[in-house]
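Visitor: What follows is a structure written as structure tokens; I'll ask about it next.
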Amino acid sequence: MIEVTVSTRNGTYPVLVGAGLLHGLPEFLTEHVDVNRFAIISDDNVAPLYGEGLLEATRAVGLDARLFTFPAGEASKTRKTWSILTDDLLEAGFGRDSCVVAVGGGVTTDIAGFVAATFMRGVPVVQVPTSYLAMIDASVGGKTGVDAKAGKNLVGAFHPPALVVADPHSLATLPREERAEGLVEAFKHGAILDDAYFEQLNETAVALLDADTKLSEEAVCRSVELKASVVSEDEFESGYRQILNFGHTLGHALEAASSYRLGHGKAVALGMVLEA
Ligand code: GLY
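When the count follows this note's numbering, it moves up by one through the sequence shown with no breaks and lands on 256 for the last residue.
Following this line, the structure appears as structure tokens:
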């Protein structure tokens, strides 16, 4: 396991990366978050794979937890889903003494993070990314939010997590296509910050697409280190953090022009080529 520390205006938080770490999640929650109740938020693809097991494991160590799910897919990253989830939490009696645990890909980490940022004016969030995109990018740095008609991620908040736990074992259950989409962000990190990493990704791309445990753990670690170094320096994107948007300006335009049929990773890959 490696631990990367991210600095924020209000302190620091750890990002733990290691194959098999999901098994220890209930203990990590006890260690890092001092609350009474945990709202595990997951989509309906990931909930049967990890959400339900996590719920059981969390309850088994005596923690009070509930699982909340929403339909998988970017189409769910809306104010409507946010409103359903926050109402569900309220109906289930969650209050200020709660923590949101986001388990899933980038849509889940963004929307569950936004629920945490706004519920009772802000409760802690623990990010448990299960895709390359979420491990490498979305779960680190505190950006949370939903899409609007006018564009992606236009309504949201900076809400740094209390803890991030990334277990590369979960990549094995992801469709290969989605692994490819997420790995584009790793290539982006190499392109903007680390030539040797970019070369290494080129050499190991096929094994990474196949979710080789050792290589994917190494890549997630390096990407998290690189992203952490940027967001620790410029949490609120007042300058330097914009480097992480390489490929995204044209990438977002391509996604929108294709009515979101073009995946985010492919769009950003094309965007990087065009912007370069
Ligand atoms: N995904 C780019 C950023 O976190 O700033």
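Backbone N, C-alpha and C define an ideal beta-carbon position, used for all residues, glycine too.
1. Count the other C-beta atoms from every protein chain shown that fall within 10 angstroms of the C-beta of residue 49, then say buried if there are 16 or more, exposed otherwise.
2. Consult DSSP for residue 254 and reduce its assignment to one of helix, strand or coil.
3. Across the stretch 78 to 85 and the stretch 102 to 114, are there enough close Cβ pairs to call them in contact, namely three or more that are closer than 8 Å?
4. Hey, could you find the ends of the alpha helix (DSSP H) residue 49 is sitting in?
5. Compare the C-alpha of residue 243 against each of 253, 160, 0 and name the closest.
6. Is any non-hydrogen atom of the ligand GLY found closer than 7 Å to the C-beta of residue 217, if you look at the structure I gave you?
7. When the Cα atoms are used, what is the spatial distance from residue 258 to residue 251?
8. Tell me the DSSP secondary structure of residue -15 in three-state form.
9. Output yes or no for whether 8 Å exceeds the beta carbon distance between residue 31 and residue 20.
10. Which residue marks the beginning of the beta strand (DSSP E) containing residue 21, and which one marks its end?
11. Three or more C-beta pairs under 8 Å: does that hold for the stretch 34 to 48 against the stretch 3 to 18?
12. Expressed to the nearest angstrom, what Euclidean distance is found between the alpha-carbon atoms of residue 165 and residue 69?
13. Does the beta-carbon of residue 3 have 16 or more other beta-carbons within 10 angstroms, so that it is buried, or is it exposed?
14. Can you tell me the Cα-Cα spacing of residue 218 and residue 41, whole angstroms?
15. Compare the Cα-Cα distances from residue 223 to each of 117, 110, 100 and report the closest residue.
16. What's the gap between the Cα of residue 233 and the Cα of residue 74?
17. Is residue 162 helix, strand or coil by DSSP?
18. By alpha-carbon positions, which one of 200, 239, 139 ends up nearest to residue 216?
19. Hey, residue 236 and residue 131: beta-carbon distance below 8 Å or not?
20. Do residue 205 and residue -16 come within 8 Å of each other at the CB atom, strictly closer than that value?
21. Is there contact here, the stretch 121 to 137 with the stretch 89 to 99, by at least three beta-carbon pairs under 8 Å?
22. Hey, out of 149, 176, 62, whose CA is closest to residue 133's CA?
23. So, at 6 Å on beta carbons, what are the nonlocal neighbours of residue 184 in its own chain, with the 5 sequence-adjacent residues on each side left out?
24. Any heavy atom of the ligand GLY inside 7 Å of the beta-carbon of residue 170?
25. Looking only at C-alpha atoms, which of 192, 51, -12, 76 sits nearest to residue 151?
26. Where residue 86 and residue 187 are concerned, what is the direct C-alpha to C-alpha distance, given to the nearest angstrom?
27. Using three-state DSSP, classify residue 225 as helix, strand or coil.
Guide: Based on what the coordinates show:
1. As a working mapping, residue 49 is identified with position 69 in the sequence shown. Residue 49 should be labelled buried.
2. One-based indexing of the sequence shown puts residue 254 at position 274. Three-state result, residue 254: helix.
3. Look at the beta carbons and you see the stretch 78 to 85 touching the stretch 102 to 114: at least three pairs across the two are nearer than 8 Å.
4. Working through the sequence shown from its first residue, we reach residue 49 at position 69. No alpha helix (DSSP H) contains residue 49, which is instead part of the beta strand (DSSP E) from 44 to 50.
5. Counted from its first residue, the sequence shown places residue 243 at position 263. Answer by Cα proximity: 160.
6. Here residue 217 refers to the residue found at position 237 of the sequence shown. Indeed, a heavy atom of the ligand GLY lies less than 7 Å from the Cβ.
7. In the structure as shown, the chain begins at -19 and stops at 256. Residue 258 is therefore absent and cannot be evaluated.
8. Here residue -15 is taken as the residue at index 5 of the sequence shown, counted from 1. In this structure, residue -15 counts as strand in the three-state DSSP scheme.
9. Here residue 31 is taken as the residue at index 51 of the sequence shown, counted from 1. Here residue 20 is taken as the residue at index 40 of the sequence shown, counted from 1. Less than 8 Å divides the Cβ of residue 31 from the Cβ of residue 20.
10. Sequence index remark: in the sequence shown, residue 21 carries index 41 (1-based). For residue 21, the enclosing beta strand (DSSP E) stretches over residues 17 to 23.
11. These segments touch.
12. Mapped onto the sequence shown, residue 165 falls at position 185. Mapped onto the sequence shown, residue 69 falls at position 89. One C-alpha to the other measures close to 32 Å.
13. Translated into the one-based positions of the sequence shown, residue 3 becomes position 23. Around the beta-carbon of residue 3, fewer than 16 other beta-carbon atoms lie within 10 Å, marking it exposed.
14. Along the sequence shown, one-based indexing puts residue 218 at 238. Along the sequence shown, one-based indexing puts residue 41 at 61. The alpha-carbon separation between residue 218 and residue 41 amounts to approximately 42 Å.
15. Here residue 223 corresponds to residue number 243 of the sequence shown, with the count starting at 1. Among 117, 110, 100, the Cα nearest to that of residue 223 is on 117.
16. For the purposes of this step, residue 233 is taken as the residue at position 253 of the sequence shown. For the purposes of this step, residue 74 is taken as the residue at position 94 of the sequence shown. Residue 233 and residue 74: Cα-Cα distance of roughly 39 Å.
17. Walking along the sequence shown from the start, residue 162 turns up at place 182. Note: residue 162 maps to helix in three-state DSSP.
18. On the sequence shown, position 236 is the one that residue 216 refers to. Of 200, 239, 139, the residue nearest in Cα terms is 139.
19. Walking along the sequence shown from the start, residue 236 turns up at place 256. Walking along the sequence shown from the start, residue 131 turns up at place 151. In this structure, residue 236 lies near residue 131, with their beta-carbon atoms less than 8 Å apart.
20. The residue labelled residue -16 in the question sits at position 4 within the sequence shown. The residue labelled residue 205 in the question sits at position 225 within the sequence shown. Remark: C-beta atoms of residue -16 and residue 205 approach each other more closely than 8 Å.
21. Touching, per the Cβ criterion.
22. Taking the first residue of the sequence shown as position 1, residue 133 is located at position 153. Out of 149, 176, 62, the CA that lies nearest to the CA of residue 133 is found in 62.
23. Locating residue 184 in the sequence shown gives position 204, counting from the first residue. Cβ neighbours of residue 184 beyond the five flanking positions: 195.
24. The sequence position of residue 170 within the sequence shown is 190, counting from 1. For the ligand GLY, no non-hydrogen atom lies closer than 7 Å to the CB of residue 170.
25. As a first step, residue 151 is located in the sequence shown; it is residue number 171 there, counting from the start. Residue 192 holds the alpha-carbon nearest to the alpha-carbon of residue 151 among 192, 51, -12, 76.
26. As a working note, residue 86 is residue 106 in the sequence shown. As a working note, residue 187 is residue 207 in the sequence shown. Looking at the two C-alpha atoms, the distance is approximately 22 Å.
27. Working through the sequence shown from its first residue, we reach residue 225 at position 245. Looking at residue 225 - three-state DSSP - the assignment turns out to be helix.
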